[in-house]
Amino acid sequence: HQSSADKVLPHEATVSAPVNIAVIKYWGKRDAGLILPTNSSLSVTLSQDHLCTRTTVCAAAEFGGDRLWLNGVEEDVTASARLCNVISTARKLRAAVEQADSAAPRLSTWGLHVCSENNFPTAAGLASSASGYAALVSALGTLFKLPQSAAELSRVARVGSGSACRSILGGFVAWQAGVEGDGSDSLAEQVAARAHWPQLQALVLVVSDRKKTVSSTAGMQTTVATSPLFAERVRNVVPRRMAVMRAAIAARDFAAFATLTMQDSNQFHAVCQDTFPPIAYMNDTSHAITNLVHAFNTAVGRVAAAYTYDAGPNAVIFALHDDMRTLVQLLTRCFPRPDSMPAAAFYEDPFAVFASPDLVGRDIDDPAVAALAKSIGTFTAGSVRRIIHTEVGDGPRVLPLSESLLNHAGMPK
Ligand code: DP6
Numbered sequence: 015h016q017s018s019a020d021k022v023l024p025h026e027a028t029v030s031a032p033v034n035i036a037v038i039k040y041w042g043k044r045d046a047g048l049i050l051p052t053n054s055s056l057s058v059t060l061s062q063d064h065l066c067t068r069t070t071v072c073a074a075a076e077f078g079g080d081r082l083w084l085n086g087v088e089e090d091v092t093a094s095a096r097l098c099n100v101i102s103t104a105r106k107l108r109a110a111v112e113q114a115d116s117a118a119p120r121l122s123t124w125g126l127h128v129c130s131e132n133n134f135p136t137a138a139g140l141a142s143s144a145s146g147y148a149a150l151v152s153a154l155g156t157l158f159k160l161p162q163s164a165a166e167l168s169r170v171a172r173v174g175s176g177s178a179c180r181s182i183l184g185g186f187v188a189w190q191a192g193v194e195g196d197g198s199d200s201l202a203e204q205v206a207a208r209a210h211w212p213q214l215q216a217l218v219l220v221v222s223d224r225k226k227t228v229s230s231t232a233g234m235q236t237t238v239a240t241s242p243l244f245a246e247r248v249r250n251v252v253p254r255r256m257a258v259m260r261a262a263i264a265a266r267d268f269a270a271f272a273t274l275t276m277q278d279s280n281q282f283h284a285v286c287q288d289t290f291p292p293i294a295y296m297n298d299t300s301h302a303i304t305n306l307v308h309a310f311n312t313a314v315g316r317v318a319a320a321y322t323y324d325a326g327p328n329a330v331i332f333a334l335h336d337d338m339r340t341l342v343q344l345l346t347r348c349f350p351r352p353d354s355m356p357a358a359a360f361y362e363d364p365f366a367v368f369a370s371p372d373l374v375g376r377d378i379d380d381p382a383v384a385a386l387a388k389s390i391g392t393f394t395a396g397s398v399r400r401i402i403h404t405e406v407g408d409g410p411r412v413l414p415l416s417e418s419l420l421n422h423a424g425m426p427k
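Note that the sequence shown ends on residue 427 in this note's numbering; no numbers are left out.
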């Protein structure tokens, strides 16, 4: 029986999902349709307080079909095979729920409206497919009341975008490459919860860039087809590194974690260079940041910071909370904010590392780092457009109805 409550209560769910940054990189597919990777990877989930995608999904028998709005713009749902795959996989899982419970409303047969927004500007060049597909899958999981575990749902997110499967979980997450042809064992698992290492924090350096980069999807296929270095990476390097990285995280050994994070980022970009034709994601500012991090570690006499770059010029720098003050002082001194930008917008200081935004980068506490800043000098103002200070975060969050992005008619608010 369809109760009257079913008609009154909207069948909708709103969730937010995090961004993740890989410290052992996923690059290469053995199956492009199912998005099965050539190697396992490992990432850190970043806090949704600073970077996230929010998504509302609503099902109604009255909807003519599926519709999608991304950051305020309606998109053609049928144009993306990956999106269609994700929605139809979730509907199949829902159909099983309905089969088992004759009272369950037949949501699997109704139209869906999906509305999704990033809390960071897409123009910042931050990858949003991971948080986007993770949000969509968790929203559908909530709406459809799917019994599947997060690890099982990560398989559905994976079909949208490989790296999205890791955003289904918080903390430190491994994506097991798996060996099965159907992808049943290619899923994400939590290596350690966020609370395991509360000292670990990250800075996202948004780097200005003019050129359009090769998409990860296209780039990695060319790499698989042409790079001999890549074959070596998959066969010998990554399996060893996965084990070492897990051990470093388990031991909260920052120096080991940081060293391997930098090495694996470097190898990923080396493999891109070894691709034919070569792919360059990092730019001059990225390379300057790399050099600065190494010089910083030398100045403080230990491995206190680590950089990593994905398929673009932005840097993510890991450091422990106690080292962030000196590091931000150095970065803001060497990479002055764009002229038009107020200090408090360039670096928001959510953890109150400084007493006031005017103090950021004025004086550098550590004399060795102050001397380093002097020797590096300053880069063109605005080469780094923004510094987002964040920390390790939790997995997707189910939000209350008041946070919905859709109105009563199921249209964007
Ligand atoms: C460089 O997940 O964007 O960020 O599976 O084709 O959607 P598709 O690719 P995507 O690739 C991300 C690659 C990377 C490294 C990583 O996140 O592990």
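Idealized CB from N, CA, C, for every residue including glycine.
Give the range of the alpha helix (DSSP H) segment to which residue i is assigned.
{"i": "P32", "result": "P32 -> not in any alpha helix (DSSP H); beta strand (DSSP E) instead, spanning 25-32."}
{"i": "S152", "result": "143-157"}
{"i": "L274", "result": "268-287"}
{"i": "L306", "result": "298-314"}
{"i": "A264", "result": "252-264"}
{"i": "A359", "result": "357-360"}
According to DSSP, simplified to helix, strand and coil, what is residue i?
{"i": "K388", "result": "helix"}
{"i": "I293", "result": "coil"}
{"i": "R44", "result": "strand"}
{"i": "E112", "result": "helix"}
{"i": "Q16", "result": "Below a pLDDT of 50, predicted positions are generally treated as unreliable, and Q16, at 45, falls in that range; no measurement from the model is reported."}
{"i": "H403", "result": "strand"}
{"i": "L160", "result": "coil"}
{"i": "S418", "result": "coil"}
{"i": "S94", "result": "coil"}
{"i": "L107", "result": "helix"}
{"i": "V342", "result": "helix"}
{"i": "V58", "result": "strand"}
{"i": "S175", "result": "coil"}
{"i": "N85", "result": "coil"}
{"i": "T227", "result": "coil"}
{"i": "N133", "result": "coil"}
Just to check my reading of the structure: residue i and residue j have Cβ atoms closer than 8 Å, yes? What is that Cβ distance to the nearest angstrom?
{"i": "V37", "j": "T322", "result": "6 Å"}
{"i": "T404", "j": "S61", "result": "5 Å"}
{"i": "V285", "j": "R249", "result": "With 8 Å as the limit, V285 and R249 do not qualify as a contact, their Cβ atoms being about 13 Å apart."}
{"i": "I401", "j": "A309", "result": "Actually they do not touch by this definition, with Cβ atoms about 18 Å apart."}
{"i": "S145", "j": "S200", "result": "About 20 Å separates the two Cβ atoms, so there is no contact after all."}
{"i": "E112", "j": "S102", "result": "Contact doesn't hold; Cβ gap of about 15 Å is too wide."}
{"i": "A320", "j": "A257", "result": "Not a contact, Cβ separation roughly 19 Å."}
{"i": "P350", "j": "A395", "result": "4 Å"}
{"i": "V398", "j": "V173", "result": "So it is not a contact: roughly 35 Å between Cβ atoms."}
{"i": "A73", "j": "V412", "result": "The Cβ separation is near 16 Å, so there is no contact."}
{"i": "T240", "j": "F290", "result": "4 Å"}
With residue i as the anchor, note down where its beta strand (DSSP E) starts and where it stops.
{"i": "T236", "result": "No beta strand (DSSP E) holds T236; the alpha helix (DSSP H) holding it covers 230-240."}
{"i": "V187", "result": "186-189"}
{"i": "A333", "result": "329-334"}
{"i": "A319", "result": "319-322"}
{"i": "L214", "result": "214-221"}
{"i": "L413", "result": "411-413"}
Check whether the Cβ of residue i lies closer than 7 Å to any heavy atom of the ligand DP6, and answer yes or no.
{"i": "G176", "result": "yes"}
{"i": "Y40", "result": "yes"}
{"i": "T289", "result": "no"}
{"i": "T231", "result": "yes"}
{"i": "A325", "result": "yes"}
{"i": "A144", "result": "yes"}
{"i": "S94", "result": "no"}
{"i": "S54", "result": "no"}
{"i": "I263", "result": "no"}
{"i": "I293", "result": "no"}
{"i": "I49", "result": "yes"}
{"i": "R216", "result": "This sequence places Ala at residue 216; Arg is not what is there. It does not: the Cβ of A216 is nowhere closer than 7 Å to a heavy atom of the ligand DP6."}
{"i": "A36", "result": "yes"}
- Query: Counting pairs of Cβ atoms below 8 Å between the region 32-51 and the region 222-242, do you hit three or more?
  - Reply: yes
- Message: With three or more beta-carbon pairs closer than 8 Å as the criterion, would you say the region 276-287 touches the region 76-92?
- Response: no
ask   = Using 8 Å as the threshold, is the region 178-195 in touch with the region 108-127, meaning 3 or more CB pairs across them?
value = no
message: With three or more beta-carbon pairs closer than 8 Å as the criterion, would you say the region 379-396 touches the region 417-426?
response: no
Exercise for review: Give a yes or no on contact between the region 48-61 and the region 180-192, applying the rule of three or more CB pairs nearer than 8 Å.
Suggested key: yes
Does the region 200-219 come close enough to the region 336-345 to have 3 or more Cβ pairs within less than 8 Å?
yes
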